[in-house]
Amino acid sequence: MKRILLLSVIIAMFAACNSGTNNSKKSDDKKSVAITAAGATFPLPFYNMIFKKYSSESGTLVTYGGIGSGGGIRSLKDRLVDFGATDAFLSESKMKDLPAEIVHIPTCLGAVVIAYNLPGYDGIKLTPDLLAGIFMGEITKWNDAKIQANNKDLIMPNKQITVVYRSDGSGTTNIFSDYMSKISTEWASEIGVGKSLNWKTGIGAKGNPGVAGTIQATEGSVGYVGSEYAFEQNIQTALLKNAAGNYIKPSIQSISASAQGDLPANTCIMLTNSSAVDAYPISGFTWLILYKEQNYNNRSFAQAEATLKLLDWVVSNEAQSSASKVNYAPLPEKAVKQAKEILRSVTFNGEVILK
Amino acid sequence: MKSDKIFKYLLFSASFLVIIVAAGMVFTLSSGAIPAFKEFGLKFIISNQWNPTEGRESYGALPFIAGTVITSVIALLLCIPLAFSTSLFIAEYFYKKRVAMFLSTMVDLLAGIPSIVYGLWGFYVLRPFIVELGLSPQGYGIFTASLILAIMIIPYATSLSSEIISMVPNDLKEAAYAMGATRLEVIFNVILPNARSGIFASFILAFGRALGETMAVTMLIGNSNIVPTGLFQTGNTMASVIANQFGEADGLKLSSLIAIGLILFVITGLINAIGKLIIKKLA
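Protein chains in written order, with this note's numbering: chain A, 1 to 355; chain B, 1001 to 1283.
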């Protein structure tokens, strides 16, 4: 028995070596480098798709671990990864915690949609005031005069509103509460912004699937769900009145539109309540982060160059055009231009890597 | 002789390992909970504020302690009559009959079902039923969670109790019958006094399981961090809040969650200790 086991181990090892040499032969001429990255889970389906494509086309193996934004920042801080990923840009003070200067590269946009369950009542229109009233527990019935007055083409049902929120800490809650704090002073002073909140009403469910599942199983419920999940599941969503006064249905186009305005040079901006005319108001970037000076920890120039080539490709047309396949909104042209400029400021020994 | 000694040492080290693991758990829980207790002191246990928003952080465990105790007690109250009568049915009235064997197999089967399955069933069957009865507009809350907990712990209590009832010596029962006792009299004057400590132990065990149950409760209780004031209000339990918020937690919040774990550990330990004391008195 032991002998058989030993034999099979040896055979397995040979097989592994064999396949290894085969692989290296293929990519030998391209100097195989492996790139590792980790961070946000929200854009994970998008990254998985494009990194896989890049790996097979370029021969540069890219591995991405969806460990959460906090984990991504920590991994970059400890220099365990070539780049990290985060849904919230790092504040000045958080950047100071890092050993060296970093840059943010936006990769795509996502949004938070207001999902509800009222069969036969598609396309309910909500204003910021209504949204604050509902999620703070002040409006408790769907036929509340204020909701009715805003939806004159519908006869709203006499149903109790059940608010559903994320019971786990989440970037989705963060972007939602950021928007709510911008539109409602009451929300800002009583609840605030954060990954998890002190809710005044409603029930909690875990993860996007949990919230969406609870909404779908509970008539009269309303909650907030990540757009990438809501689009895939075809969930009933509300139209929101944006800062320009238009009612906007969440879609790839309207989310993308939120980044159409002027961006700060480092792209670090919360896009919620965007002033663009046809922008969906609860949208946001997700970023990749890396060190501005790439020569650290004995990294080779080849490694740094491969990392930047990959990132340059992520914001290229080819990668961006595939974002909508997995329900993310691509960067508008202006943002792509800015991202490319930022990438061209990254150096190795003080010299720009991408020319 | 030599192998006997080796075996003895083996047993000794195995049981010693259990103690080390338990002590290690208490140590890590306590050291992790220190920052929370340092910041809030006793207020951590009696405060009903759970505010994780950055800059206004304030953590109190009362909503979760209340939620855990209330749901578990209601579940136990629902469980006692049902489990007791089922175990009498299996171990006394129809002892070794086919129907009792079938029932006891079913009970054991129910005891082995993973809690997430109970949760799913509760979510898709029990909760809509509560809504249909008009007890609550959305069906989530203390009562629904207690109901699913009761259903989950009944098999435990039943399985153990019936085992213990069937162990009451036949001689005693026959002697009582010979003296002209009715069946009911035998149950209350012979079986119960003989089996009561074991039956009590089975309910303590069931209660312990209800205290620590996580998944099924999370899916039905509503996960709102308030002290429940009514049966059909939503709430949260200690195990459920830990499972929900552990992932993204750090700093003071993480310490508070660990502190809740420590409190749960202590409460479960206390209940077991009290149970053991009562069992000793009953026996």
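Cβ atoms here follow ideal geometry from the backbone N, Cα and C, with glycine treated the same way.
Minimum Cβ-Cβ distance from residue i to chain B less than 9 Å
{"i": "Val112 (chain A)", "result": "no"}
{"i": "Thr86 (chain A)", "result": "no"}
{"i": "Ile191 (chain A)", "result": "yes"}
{"i": "Lys152 (chain A)", "result": "no"}
{"i": "Ser221 (chain A)", "result": "yes"}
{"i": "Glu195 (chain A)", "result": "A quick correction: the sequence has Lys, not Glu, at residue 195 (chain A). Yes, its Cβ sits closer than 9 Å to a Cβ of chain B."}
Pair within 9 Å by beta-carbon distance, residue i and residue j
{"i": "Ala1216 (chain B)", "j": "Leu1149 (chain B)", "result": "yes"}
{"i": "Asn242 (chain A)", "j": "Asn198 (chain A)", "result": "no"}
{"i": "Ala38 (chain A)", "j": "Leu61 (chain A)", "result": "no"}
{"i": "Thr286 (chain A)", "j": "Cys108 (chain A)", "result": "yes"}
{"i": "Gln338 (chain A)", "j": "Leu263 (chain A)", "result": "yes"}
{"i": "Arg166 (chain A)", "j": "Val211 (chain A)", "result": "yes"}
{"i": "Pro1155 (chain B)", "j": "Leu1088 (chain B)", "result": "no"}
{"i": "Glu1248 (chain B)", "j": "Asp178 (chain A)", "result": "no"}
{"i": "Ile1164 (chain B)", "j": "Phe1207 (chain B)", "result": "no"}
{"i": "Leu1264 (chain B)", "j": "Thr1068 (chain B)", "result": "yes"}
{"i": "Ala304 (chain A)", "j": "Gln294 (chain A)", "result": "yes"}
{"i": "Gly1222 (chain B)", "j": "Thr1214 (chain B)", "result": "no"}
{"i": "Asn174 (chain A)", "j": "Gly194 (chain A)", "result": "yes"}
{"i": "Val1168 (chain B)", "j": "Ile1191 (chain B)", "result": "yes"}
Within chain A, the residues that residue i reaches when beta carbons sit closer than 9 Å
{"i": "Gln1233 (chain B)", "result": "Within 9 Å Cβ-Cβ: nothing; Gln1233 (chain B) doesn't reach chain A, min ~11 Å."}
{"i": "Tyr1140 (chain B)", "result": "Thr162, Ile203, Thr214, Thr218"}
Neighbour list for residue i in chain A, Cβ cutoff strictly below 8 Å
{"i": "Asn1244 (chain B)", "result": "Ser167, Asp168, Gly204, Lys206"}
{"i": "Asp1250 (chain B)", "result": "Gly70"}
{"i": "Thr1218 (chain B)", "result": "Ser167, Lys206"}
{"i": "Gly1230 (chain B)", "result": "Neighbours of Gly1230 (chain B) on chain A: none; closest Cβ ~15 Å, over 8 Å."}
Neighbour flag for residue i against chain A, beta carbons, 9 Å
{"i": "Leu1264 (chain B)", "result": "no"}
{"i": "Asn1223 (chain B)", "result": "yes"}
{"i": "Trp1121 (chain B)", "result": "no"}
{"i": "Asn1170 (chain B)", "result": "no"}
{"i": "Pro1081 (chain B)", "result": "no"}
{"i": "Gly1247 (chain B)", "result": "yes"}
{"i": "Tyr1124 (chain B)", "result": "yes"}
{"i": "Asn1048 (chain B)", "result": "no"}
{"i": "Pro1128 (chain B)", "result": "yes"}
{"i": "Asn1189 (chain B)", "result": "no"}
{"i": "Asn1194 (chain B)", "result": "no"}
{"i": "Asn1272 (chain B)", "result": "no"}
Chain B contact residues for residue i, given Cβ-Cβ distances below 9 Å
{"i": "Trp187 (chain A)", "result": "What Trp187 (chain A) touches in chain B: nothing, since even the nearest Cβ is about 11 Å away."}
{"i": "Ser322 (chain A)", "result": "By Cβ distance, chain B contributes nothing, its closest Cβ being about 29 Å from Ser322 (chain A), past 9 Å."}
Sequence-distant residues of the same chain with beta carbon closer than 8 Å to residue i, five excluded per side
{"i": "Asp29 (chain A)", "result": "In this predicted model, Asp29 (chain A) has a pLDDT of only 42, less than 50, meaning its place in the structure is not dependable; the value taken from the coordinates is given anyway. Hits under 8 Å: none found."}
{"i": "Glu186 (chain A)", "result": "Ala132, Met136"}
Same chain, Cβ closer than 7 Å to residue i, neighbours up to 5 away in sequence not counted
{"i": "Asn22 (chain A)", "result": "No answer about Asn22 (chain A) holds up, because its pLDDT of 43 lies below 50 and its placement is not dependable."}
{"i": "Gln998 (chain B)", "result": "Lying before the first or after the last residue shown, residue 998 (chain B) is absent from chain B, which here runs from 1001 to 1283."}
{"i": "Ile147 (chain A)", "result": "Leu130, Ile139, Met156"}
{"i": "Thr41 (chain A)", "result": "Gly66, Gly68"}
{"i": "Asn151 (chain A)", "result": "Ile124, Lys125"}
{"i": "Ser1166 (chain B)", "result": "Ala1091, Tyr1095"}
{"i": "Asp122 (chain A)", "result": "Gln236"}
{"i": "Ser27 (chain A)", "result": "Residue placement at Ser27 (chain A) is flagged as unreliable, the pLDDT there being 39, under the threshold of 50; a coordinate-derived value is accordingly withheld."}
{"i": "Ser19 (chain A)", "result": "Because the pLDDT of Ser19 (chain A) is 44, which lies under 50, any placement of that residue in the model is unreliable, and the question is left without a value."}
{"i": "Lys1005 (chain B)", "result": "none"}
{"i": "Arg1196 (chain B)", "result": "Leu1282"}
Within chain A, the residues that residue i reaches when beta carbons sit closer than 7 Å
{"i": "Asn1051 (chain B)", "result": "Asn198"}
{"i": "Glu1213 (chain B)", "result": "Those within 7 Å of Glu1213 (chain B) in chain A number zero; the least Cβ separation is about 16 Å."}
{"i": "Arg1056 (chain B)", "result": "Gly192"}
Proximal residues of chain B, C-beta to C-beta of residue i below 7 Å
{"i": "Gln160 (chain A)", "result": "Pro1137"}
6 Å Cβ shell around residue i - same chain, five flanking residues per side excluded
{"i": "Phe1123 (chain B)", "result": "Met1219"}
{"i": "Asn158 (chain A)", "result": "Asn143"}
{"i": "Ser283 (chain A)", "result": "Leu109, Ala111, Ile255, Ser258, Leu271"}
{"i": "Tyr47 (chain A)", "result": "Tyr64"}
{"i": "Ala244 (chain A)", "result": "Val277"}
{"i": "Pro45 (chain A)", "result": "Val326"}
Query raised in the report: For the stretch 169 to 252 of chain A, which segments carrying the beta strand (DSSP E) assignment without a break, of at least 3 residues, lie completely within its bounds, in sequence order?
Result: 203 to 205, 221 to 226, 239 to 241
Report task. Could you pull out every unbroken beta strand (DSSP E) segment of at least 3 residues lying fully inside the stretch 266 to 334 of chain A, listed in chain order? Result -> 283 to 291
Report task. Output the residue ranges of the beta strand (DSSP E) runs that lie fully inside the stretch 91 to 179 of chain A and measure 3 residues or longer, sorted by chain position. Result -> 102 to 116, 162 to 166
Report task. Run through the stretch 1027 to 1111 of chain B for me and flag every whole alpha helix (DSSP H) of 4 or more residues, listed as ranges in chain order. Result -> 1043 to 1046, 1062 to 1088, 1098 to 1111
Query raised in the report: Along the chain, which unbroken stretches of the alpha helix (DSSP H) at least 4 residues long are found entirely within the stretch 44 to 93 of chain A?
Result: 44 to 58, 69 to 77
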